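Structure first, then comments.
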Amino acid sequence: MKEIKKIVVTGGLGFIGFNLVEKFLKEKYEVLIIDSMISGTKNKIIGRKNLKVFDIDISEKKDIKNIIDSCDLVIHLAAKGNVVESVQEPIENFNQNVFTTIQLLEILKDSEKCKKIIFSSTGGALMGDTPPPVNEKSCPNPISPYGASKLACEGYINAYSNCYGLNSIVFRFGNVYGPNGSHKKGVVNKFIRNSINDIEHIIYGSPNSSRDYIHVYDICEAILLGIEYFSKMEKNYELFHLANFEEVTLAKLIETIYKVSKKKNSYKILDYRKGEVLRNFCSFEKANNLLKFNPKYNLQKGIEDLYFWILENEFC
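If you read the sequence shown in my numbering, its first letter stands for residue 31, the second for the next number, and so on.
Right under this line is the structure:
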């Protein structure tokens with residue numbers, strides 16, 4: 031199989047994309063970023079060797095095709111990822127997630143050079159209220175338009191892989207946290223900012239609501255392992271869960287932030303929000319067996335690093 035040297039990263043200036051591109055450049059890959067900046071990211075990479083940044087929307091099929099046709103692999107991170115917003119605007123969520131993914135697959139289908147894709151899915155919203163721990167054999171049951179959009183994307187990627195000979199890897203991420211996400215509104219960043227500003231936490235539903243948190247550096251390492259795995263794949267499509275196999279409640283998350291900050295914030299409980307999963311955590315056994323993936327960051331260390339990163343980069 032041809033060696034992968036030149037990679038397109040959609041959403042490459044976003045939270046995960048920015049960290050991933052930095053790692054790629056250290057690994058001497060040539061990288062082309064496609065990012066419309068719609069996420070509000072402030073991340074910038076300027077004047078770096080082996081890097082080009084295209085400020086265009088992923089829906090611009092003709093422009094995207096010219097970029098992809100020159101590369102060996104697409105890593106598709108760009109997405110509309112907010113569960114609550116997807117409940118409010120399901121059509122917009124479909125267009126931003128499913129329609130754009132099909133357009134990418136059409137480009138790959140017709141490309142003579144680029145026939146590989148790594149897709150960022152979700153191990154939480156897609157699984158819905160399927161009893162945890164979940165794995166690749168668990169039955170998806172999305173309860174939000176966002177979760178449904180990711181499941182639809184997985185289905186199309188599998189279909190295109192079987193019908194048109196694409197080589198595809200789908201990674202279902204746990205709740206990703208870490209540096210370079212100043213534009214992110216997720217619960218980890220929000221609770222850390224609350225702690226710094228002495229603001230009361232808001233919990234929707236229950237402090238026993240849980241997620242499986244995984245550090246962005248572990249996600250980046252898994253994607254590198256996925257790139258290596260293309261040369262060993264025995265079928266066109268492969269699916270992996272990436273997480274820590276640890277159920278972390280909101281109460282435990284708040285307690286962990288308190289241990290780092292030494293500031294104890296109160297919290298109030300509001301009603302559950304439609305579309306949000308109550309409990310979730312995932313096994314990464316398959317990724318460990320086939321990719322030799324093993325997350326290095328535990329919650330305490332990851333929260334500590336992120337706390338001081340936010341303090342230095344958002345409050346200086």
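Every residue gets a Cβ at the ideal spot worked out from N, C-alpha and C, and that includes glycine. As the structure is a computational prediction, the values presented were derived from the model and not from experiment.
If you ignore the 5 residues before and after ASN274, its C-beta comes within less than 7 Å of the C-beta of GLY204, ASP242, TYR243, ILE244, PRO325, all in its own chain and listed in chain order.
According to the DSSP assignment, LEU272 belongs to the beta strand (DSSP E) that extends over 267-272. Contact check between the stretch 84-94 and the stretch 128-135: three or more CB pairs, one atom from each, fall below 8 Å, which counts as touching. Cα atoms of GLY47 and THR40: separation of roughly 8 Å, rounded to the nearest angstrom.
For GLU60, the uninterrupted beta strand (DSSP E) run begins and ends at 60-64, by DSSP. Minimum Cα-Cα distance from LEU81 among the listed residues ILE105, VAL38, ASP102 corresponds to VAL38. A residue is called buried once 16 or more other Cβ atoms fall within 10 Å of its Cβ, and ALA189, having fewer, is exposed. Boundaries of the alpha helix (DSSP H) around TYR259: 246-259. Under the DSSP assignment, SER198 falls outside any alpha helix (DSSP H), being part of the beta strand (DSSP E) whose first and last residues are 197-203. Taking C-alpha positions only, GLY70 is separated from HIS213 by approximately 6 Å. Pairing PHE311 with LYS304, the inter-Cα distance amounts to about 20 Å. The DSSP-derived three-state label of ILE299 is strand. For LEU300, the number of other beta carbons within 10 angstroms of its own is below 16, and it is reported as exposed.
For LYS35, the secondary structure class from DSSP, reduced to helix, strand or coil, is coil. Assigned with DSSP and collapsed to three states, PHE54 falls in helix. Contact check for VAL218 against LEU336 passes: the beta carbons are separated by less than 8 Å. For LYS145, there is no enclosing beta strand (DSSP E), since its DSSP letter is neither H nor E.
Distance from the CA of ILE232 to the CA of TYR297, rounded to the nearest whole angstrom, comes to 6 Å.
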